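This is the structure we're talking about:
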């Protein structure tokens with residue numbers, strides 16, 4: 009953990025919270041998830057009828073190509089963020105995870121739970137992730153990893169002699185082909201549900217704590233606040 | 069030139085037809101056509117092993133497939149000549165005579181004969197749900213299969229348990245491999261299996277003295293190494309986004325892709341589109357019906373519903389599709405956070421006023 013404290017912007021009393029790789033990964037994830045969801049839904053249910061729009065086309069082929077290409081970018085983006093868990097600053101590091109064996113961490117965690125359930129008005133201020141949101145992110149990244157593994161496994165089926173298939177075919181010993189497809193599809197909705205939560209919570213805390221929740225994911229800087 | 073030559077002559081199969089057949093087999097096995105003479109030699113060779121064909125919990129569909137081997141007709145003759153010493157459905161002998169014939173073959177050709185198994189094996193209640201000559205299926209399979217050179221499980225039931233093993237599996241049906249753990253088992257799933265693949269597997273053994281290369285589900289790679297979807301003649305329509313929307317609609321008549329009708333071609337590994345059925349005449353998708361994925365493990369449990377893309381979730385009612393459940397999840401989260409937002413806005417009215425007042429004070 010880099011402990012030599014926060015880089016401060018002296019004039020405005022701002023703190024550099026989100027480093028470039030965190031922001032890049034965040035926005036890459038955002039773009040990838042949008043593209044993957046749309047193309048993925050199309051692959052599940054090809055709702056555009058080719059002959060309705062143009063005469064000669066390759067629409068499903070294009071959707072699949074886009075889905076695979078963006079899937080690869082997404083995998084790298086998630087890997088970048090996971091890598092930054094170990095080399096990033098204190099806000100990006102795995103050190104910011106709540107430790108359930110520490111009384112202080114438990115207290116902060118439950119203070120936020122109480123805030124979310126209207127039992128408390130003013131939760132303690134945290135500059136990085138709030139501990140409840142952090143749990144959601146851990147769950148989310150596990151969903152990402154599952155999506156990536158199942159996605160690549162399904163892709164690899166095009167060629168059972170490929171290296172990719174050798175790496176991922178163990179998935180089909182756990183669940184049959186059809187259930188892997190099913191979960192790959194259903195997890196998209198879980199992620200969509202998270203996006204709603206994520207947008208709402210970001211706006212909520214941007215307003216509540218006045219600490220630049222929204223702007224900081226563009227700029228990286230958050231105003232210094234103590235309470 | 070052995071006895072086969074005479075038999076072929078007797079049935080009116082010319083030498084030319086026989087060699088054509090050998091070339092077709094080399095194609096099925098994904099071998100070079102140069103192998104055709106070697107295949108002919110291997111088939112004509114007199115050291116061909118006898119076959120014991122066992123039937124357990126089955127519909128005799130694979131036997132039917134065997135009997136209708138007709139591309140070219142020599143397939144049947146070859147398999148006949150393989151001296152199927154025991155086959156309940158088609159053998160002339162009955163009762164104790166039949167059992168004696170089987171026991172004799174097992175003794176005489178120990179570790180040399182081929183055991184073909186059709187149907188799943190019930191294990192519940194000591195296997196009483198399938199007994200032949202007073203012995204349970206498990207018992208017979210262990211003896212006959214255990215002493216064979218190798219075992220071929222034909223059809224989805226023998227390969228993966230199939231229909232009898234589908235939920236709730238009252239007879240405790242199991243696949244051949246589950247009973248004969250250590251034995252070399254080759255799975256030729258399908259409902260029924262395509263007899264060309266059986267012939268090719270046997271011929272591969274005659275030719276190379278070893279079973280063909282198998283995938284992780286013990287299926288020969290030459291037959292199950294590619295997806296139906298990737299060899300389908302309707303594939304171009306899939307890529308082009310041209311789909312059948314309703315049975316008998318314009319797209320259906322045009323031969324468009326059956327993906328939206330629940331075709332399981334993208335999930336199924338089989339050589340149906342290339343080997344086909346009935347003298348290579350047609351196969352289900354060519355005939356206008358989507359693939360049902362009959363040769364995949366867990367066929368009955370996970371490939372249903374046949375006319376939908378994804379399985380139903382148990383416990384959510386029959387009609388609960390993945391999309392419905394997914395949109396419900398999204399809807400619930402939208403409602404929960406919407407309500408949370410409204411409550412927060414009401415609770416924060418005081419804060420807003422305070423901030424506004426401070427702002428005005430500062431001015």
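Chains as they are written, first to last, in the numbering used here: chain A, 9 to 235; chain B, 69 to 431. Ideal placement from N, C-alpha and C gives every residue a C-beta, glycine not left out. It should be emphasised that the depicted structure is a prediction, and the values quoted were computed from it without experimental measurement.
So with Cβ pairs under 8 Å, would you call residue i a contact of chain B?
| i | result |
| --- | --- |
| residue 131 of chain A | no |
| residue 75 of chain A | no |
| residue 185 of chain A | yes |
| residue 217 of chain A | no |
| residue 87 of chain A | no |
| residue 189 of chain A | yes |
| residue 235 of chain A | At residue 235 of chain A the pLDDT is 47, less than 50, meaning the model places this residue with poor confidence; the figure from the coordinates comes in the next sentence. Cβ-Cβ to chain B under 8 Å: no for residue 235 of chain A. |
| residue 201 of chain A | yes |
| residue 171 of chain A | no |
| residue 11 of chain A | Low confidence applies to residue 11 of chain A: its pLDDT is 44, below 50, so where it sits in the model is not reliable enough to give any reading. |
| residue 228 of chain A | no |
| residue 69 of chain A | yes |
| residue 208 of chain A | yes |
Are the C-beta of residue i and some C-beta of chain A separated by less than 8 Å?
| i | result |
| --- | --- |
| residue 317 of chain B | no |
| residue 417 of chain B | no |
| residue 176 of chain B | no |
| residue 328 of chain B | yes |
| residue 409 of chain B | yes |
| residue 69 of chain B | In this prediction, residue 69 of chain B has a pLDDT of 45, which is less than 50 and means its spatial position is unreliable; what the coordinates show is noted afterwards. Closer than 8 Å: no. |
| residue 252 of chain B | no |
| residue 307 of chain B | yes |
| residue 311 of chain B | yes |
| residue 426 of chain B | no |
| residue 246 of chain B | no |
| residue 167 of chain B | no |
| residue 40 of chain B | Residue numbering for chain B in the displayed model covers 69 to 431; residue 40 of chain B lies beyond these limits and cannot be assessed. |
What does DSSP give as the partner residues of residue i in its beta bridges?
| i | result |
| --- | --- |
| residue 282 of chain B | B:288 |
| residue 218 of chain B | B:182 |
| residue 255 of chain B | B:221 |
| residue 242 of chain B | B:189 |
| residue 230 of chain A | A:23 |
| residue 200 of chain B | B:203 |
For residue i, go through chain B and note every residue whose CB falls closer than 7 Å to its CB, in chain order.
| i | result |
| --- | --- |
| residue 198 of chain A | 397 |
| residue 205 of chain A | 401 and 405 |
| residue 177 of chain A | 284 |
| residue 65 of chain A | 308 and 309 |
| residue 212 of chain A | 412 |
Using the beta-carbon of each residue, which ones in chain B are nearer than 8 Å to residue i?
| i | result |
| --- | --- |
| residue 166 of chain A | 295 and 298 |
| residue 137 of chain A | None at all; the shortest Cβ gap to chain B is about 18 Å. |
| residue 159 of chain A | Near residue 159 of chain A there are no residues of chain B at all, since even the closest Cβ is about 14 Å away, more than 8 Å. |
| residue 56 of chain A | 309 |
Run down chain A in chain order and give the residues with a C-beta less than 9 Å from the C-beta of residue i.
| i | result |
| --- | --- |
| residue 393 of chain B | 194 and 197 |
Which bits of chain A does residue i rub up against, with CB to CB less than 7 Å?
| i | result |
| --- | --- |
| residue 366 of chain B | 184 |
| residue 390 of chain B | 190, 193 and 194 |
| residue 377 of chain B | 52 |
| residue 371 of chain B | 186 |
| residue 301 of chain B | Simply none; closest approach about 16 Å. |
I want to verify the contact list: residues of chain B whose CB lies under 9 Å from the CB of residue i, in sequence order.
| i | result |
| --- | --- |
| residue 126 of chain A | 408, 411, 412 and 415 |
| residue 79 of chain A | Result: empty, since nearest Cβ-Cβ is about 17 Å, beyond 9 Å. |
| residue 145 of chain A | The premise fails here: residue 145 of chain A is roughly 16 Å from chain B at the closest Cβ pair, so nothing lies under 9 Å. |
Closer than 8 Å is the cut-off here; do at least three beta carbon pairs connect the segment 155-171 of chain B with the segment 280-294 of chain B?
Too few Cβ pairs lie closer than 8 Å, so no.
Any chance the segment 24-38 of chain A sits against the segment 219-231 of chain A, with 3 or more Cβ pairs inside 8 Å?
The segment 24-38 of chain A is in contact with the segment 219-231 of chain A.
Unbroken beta strand (DSSP E) runs of length 3 or more, entirely within the segment 146-172 of chain B: which are they?
Counting whole runs of 3 or more residues, the segment 146-172 of chain B contains the beta strand (DSSP E) stretches 152-155.
Would you say the segment 77-89 of chain A touches the segment 140-156 of chain A, given that touching needs at least three Cβ pairs under 8 Å?
Inter-segment contact for the segment 77-89 of chain A and the segment 140-156 of chain A is present: three or more beta-carbon pairs are separated by less than 8 Å.
Could you say if the segment 360-373 of chain B and the segment 181-196 of chain A meet the contact criterion of at least three C-beta pairs nearer than 8 Å?
At 8 Å Cβ cutoff, the stretches touch.
If contact is defined by three or more beta carbon pairs under 8 Å, each pair taking one atom from either stretch, is the segment 123-130 of chain B in contact with the segment 224-244 of chain B?
Verdict: yes, contact present.
Given 8 Å as the limit, is there contact between the segment 201-221 of chain A and the segment 156-176 of chain A, that is, 3 or more CB pairs closer than that?
Verdict: no, contact absent.
Could you tell me whether the segment 94-111 of chain B touches the segment 261-280 of chain B, where touching means 3 or more Cβ pairs closer than 8 Å?
Judged by Cβ distances under 8 Å, the segment 94-111 of chain B makes contact with the segment 261-280 of chain B, as three or more pairs qualify.
Are the segment 107-115 of chain A and the segment 78-87 of chain A touching, with three or more C-beta to C-beta distances below 8 Å?
Result no; under three Cβ-Cβ pairs closer than 8 Å.
Would the segment 68-77 of chain A count as touching the segment 408-425 of chain B if we require 3 or more Cβ pairs under 8 Å?
No, they do not touch.
Would you call the segment 232-248 of chain B and the segment 168-182 of chain B in contact, with 3 or more CB pairs under 8 Å?
Counting Cβ pairs under 8 Å, fewer than three are found: no touch.
Cβ pair count under 8 Å reaching 3, the segment 119-130 of chain A against the segment 189-202 of chain A
They do not touch, by the three-pair rule.
With a threshold of 8 Å, are at least 3 pairs of Cβ atoms found where one atom belongs to the segment 302-312 of chain B and the other to the segment 322-338 of chain B?
For the pair of segments examined, the segment 302-312 of chain B was found to touch the segment 322-338 of chain B: the number of CB pairs separated by less than 8 Å reaches three.
Counting pairs of beta carbons, one from the segment 211-219 of chain B and one from the segment 347-354 of chain B, are three or more of them closer than 8 Å?
Because the criterion of three Cβ pairs below 8 Å is not met, the segment 211-219 of chain B and the segment 347-354 of chain B do not touch.
Three or more beta-carbon pairs under 8 Å between the segment 95-103 of chain A and the segment 42-49 of chain A, yes or no?
Fewer than three Cβ pairs drawn from the segment 95-103 of chain A and the segment 42-49 of chain A lie within less than 8 Å of each other, which leaves the two stretches out of contact.
Given 8 Å as the limit, is there contact between the segment 190-203 of chain B and the segment 98-116 of chain B, that is, 3 or more CB pairs closer than that?
In the pairwise beta carbon analysis, the segment 190-203 of chain B is classified as not touching the segment 98-116 of chain B: fewer than three pairs are separated by under 8 Å.
Segment contact flag, the segment 390-399 of chain B with the segment 340-347 of chain B, C-beta cutoff 8 Å, min 3 pairs:
Not touching, per the Cβ criterion.
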